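Visitor: Numbering (this note's numbering), first residue to last: 308 to 363. Quick one: this structure, given as structure tokens, is what I'll be asking you about.
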Amino acid sequence: MLFLVSIKSIIPIIALIALGCILQKRGWFQDSFGNDLSKLIQSATPALAVLPILVN
Numbered sequence: 308m309l310f311l312v313s314i315k316s317i318i319p320i321i322a323l324i325a326l327g328c329i330l331q332k333r334g335w336f337q338d339s340f341g342n343d344l345s346k347l348i349q350s351a352t353p354a355l356a357v358l359p360i361l362v363n
């Protein structure tokens, strides 16, 4: 039972990685995509960390 729960948790992650690889090979992402995504994550992460504190 625990094995199935683990597999169900891992499958979406593997699917997203596979989708990203396929889209990269088809040329959907520009060279600057990694830098842009990094900036977005650095901007959004602090807000997402504070949000649970403000909600409670």
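The beta-carbon is built from N, C-alpha and C at its ideal position, and this holds for glycine as well. Keep in mind that this is a model prediction, so the values were computed, not measured.
#1: Which class does residue 337 belong to by DSSP, given the choice of helix, strand or coil?
#2: Excluding the 5 residues preceding and the 5 following residue 320 in the sequence, name in chain order all residues of the same chain whose CB lies nearer than 7 Å to its CB.
#3: So, helix, strand or coil for residue 342, using DSSP?
Guide: Looking at the coordinates:
#1: coil
#2: none
#3: helix
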